[in-house]
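These notes concern the structure reproduced below.
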Amino acid sequence: MADGNPEDRILEVLGIPDDVDDEFLSLYFENKRSGGGTVISLDRNGDRALLEFEKAEVAARVLSKASHSISNSQLTVRKKPSKDHGKFVLRGLSPNTVLDMVELFVENLTGTDEFSLYPSPGRDLVLIHLRNPLTEGFQKISEKVSKKTFDGAKISLEQVECTDSVLVEKSAPQCNGRHSDNVL
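For the sequence shown, the numbering used here begins at 225 and goes up steadily by one.
Below, the structure is given as structure tokens:
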């Protein structure tokens, strides 16, 4: 049986090689070599995984170890990033959905009109930025959203993780719809 606050038992692992399967990864973190113990869940997405340990002190011990490597690759192990209570992603939208309709839906869902919407270029998801973060109730709202279809699409609501960094990539500036080497 798991003990302590779930947030204290969950670690994020980055840099997992493609050839390392979930069973091998779990065995590594249950082994003394990693300082680990019983892993009760492993949720992997590409080269990242969230591991939940049975005990918070095991997660702390794994975290305190200077380095972790598996299959000749260095892993990054850190506490699971906390969630931003003011930013959410509405995912699975129909690309044809009008933004005004999304605005009304979000207003209905949150009970406030104090937010900004940022649609993705593909228009299949929208970042919702609340001016006043939710203090509680995200799970209830998320469950409500997942039970509905919106404009014919099955949608979901996710909380955005807090981050201490931003990735900036070079893109060619556009001027009158054409690429330009000069920035205005």
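Cβ coordinates follow ideal geometry from the N, Cα and C atoms, glycine included.
Spatial distance of residue i from residue j (CA atoms)
| i | j | result |
| --- | --- | --- |
| V313 | K394 | 24 Å |
| E247 | E281 | 22 Å |
| P305 | E385 | 6 Å |
| G376 | F362 | 23 Å |
| K371 | K256 | 43 Å |
| S366 | F374 | 14 Å |
| E254 | K279 | 12 Å |
| F277 | G261 | 7 Å |
| D243 | K378 | 33 Å |
| S344 | H353 | 14 Å |
| K364 | Q383 | 12 Å |
| L251 | S293 | 13 Å |
| D388 | L238 | 16 Å |
Beta-bridge partners of residue i, as assigned by DSSP
| i | result |
| --- | --- |
| K191 | Residue numbering for the chain in the displayed model covers 225 to 408; residue 191 lies beyond these limits and cannot be assessed. |
| S297 | I294 |
| N269 | R272 |
| F339 | L354 |
| F277 | V263 |
| E236 | L274, R302 |
| R285 | Paired residues: none, contrary to the question. |
Residue-level contact to chain B via CB, residue i, 7 Å cutoff
| i | result |
| --- | --- |
| D246 | Absence of chain B from the displayed structure is noted, only one protein chain being present. |
Local Cβ density within 10 Å of residue i, reported as buried at 16 or more and exposed below that
| i | result |
| --- | --- |
| A290 | exposed |
| T321 | buried |
| L299 | buried |
| R355 | exposed |
| Y342 | exposed |
| L391 | exposed |
Closest Cα partner of residue i within the set the options
| i | options | result |
| --- | --- | --- |
| V235 | D245, L251, R272 | Sequence check: residue 235 is Leu here, not Val. Of D245, L251, R272, the residue nearest in Cα terms is R272. |
| T359 | D308, L274, K303 | D308 |
| V369 | S295, L333, G239 | L333 |
| L351 | S293, P230, E327, T336 | E327 |
Residue i and residue j closer than 7 Å at C-beta
| i | j | result |
| --- | --- | --- |
| V286 | G259 | yes |
| G316 | S265 | no |
| V263 | L274 | no |
| R233 | A283 | yes |
| S295 | P241 | yes |
| D324 | E331 | no |
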